[in-house]
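Right, one structure below, let's go through it.
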Amino acid sequence: MTEIIQITPQQAWDMMNSENAVLLDIRDEQRFTYSHAKGAFHLTNQTYGKFQDLYDFDDPIILSCYHGISSLNVGKFLIEQGYDNVYSVIGGFENWEKAKMPIETAYSQD
Numbered sequence: 001m002t003e004i005i006q007i008t009p010q011q012a013w014d015m016m017n018s019e020n021a022v023l024l025d026i027r028d029e030q031r032f033t034y035s036h037a038k039g040a041f042h043l044t045n046q047t048y049g050k051f052q053d054l055y056d057f058d059d060p061i062i063l064s065c066y067h068g069i070s071s072l073n074v075g076k077f078l079i080e081q082g083y084d085n086v087y088s089v090i091g092g093f094e095n096w097e098k099a100k101m102p103i104e105t106a107y108s109q110d
């Protein structure tokens with residue numbers, strides 16, 4: 001794959017559960033800590049090495065940012081680094097929440 005494929009939050013969730021895809025959240029630390037997609041890996045400059053250790057170049061990689069724009073730049077970078085299966089969530093985390101997909105939060109939802 002030489003381009004990023006844009007997918008819906010539901011498609012991303014399905015891939016995470018059936019294809020062992022990893023969802024990388026590239027938002028800032030505060031926003032990620034407050035809430036993020038369930039099972040997401042927080043990708044930062046500091047965690048990139050750990051990401052490389054955990055995931056192979058042919059693993060499905062799904063990117064999520066705030067609104068689905070910044071993730072496209074990160075996706076291009078990952079493709080340049082040799083990752084083959086790169087996807088981006090349309091509308092980012094904002095759309096993930098609107099679609100009522102599972103999230104993890106730093107606060108109680110009771």
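Residue numbers for the sequence shown follow my numbering, so the first one is 1 and each next one is one higher. Note that CB positions come from ideal geometry on N, CA and C, so glycine has one too. All values derive from a computational prediction rather than experimental measurement.
Beta-carbon within less than 6 angstroms of residue i's beta-carbon, same chain only, minus the 5 sequence neighbours each way: which residues are those?
i    : result
V74  : I26 and L63
A21  : M15, P60 and I62
V86  : I4, I61, G75, L78 and I79
T105 : S35
D110 : Here D110 scores only 48 on pLDDT, less than 50, and its place in the model should not be relied on; the value that follows carries that caveat. Cβ neighbours of D110 beyond the five flanking positions: none.
Do residue i and residue j have their C-beta atoms within less than 7 angstroms of each other?
i   : j   : result
I90 : S35 : no
S88 : Q6  : yes
D84 : F57 : yes
In chain order, what residues of the same chain lie with their CB nearer than 8 angstroms to the CB of residue i, ignoring the 5 residues before and after it?
i   : result
A99 : T8, P9 and Q10
By alpha-carbon positions, which one of the options ends up nearest to residue i?
i    : options               : result
D59  : N45, L24 and T33      : L24
A12  : T33, Q30, A37 and F77 : A37
Y107 : I4, R31 and S18       : R31
Would a check of beta-carbon distances place residue i closer than 7 angstroms to chain D?
i   : result
G91 : Considering every chain present, this structure includes no chain D. It has just one protein chain.
Could you pull the start and end residues of the beta strand (DSSP E) that residue i belongs to?
i    : result
T105 : I103 to T105
Apart from the five residues just before and just after residue i, which ones in its own chain have a Cβ nearer than 7 angstroms to its Cβ?
i   : result
G68 : S88, V89, I90, G91, G92 and N95
For the alpha helix (DSSP H) containing residue i, name the first residue and the last one.
i   : result
D53 : Y48 to L54
*Mind pulling the beta strand (DSSP E) runs of 3 or more residues that sit fully within the segment 53-77?*
60-64
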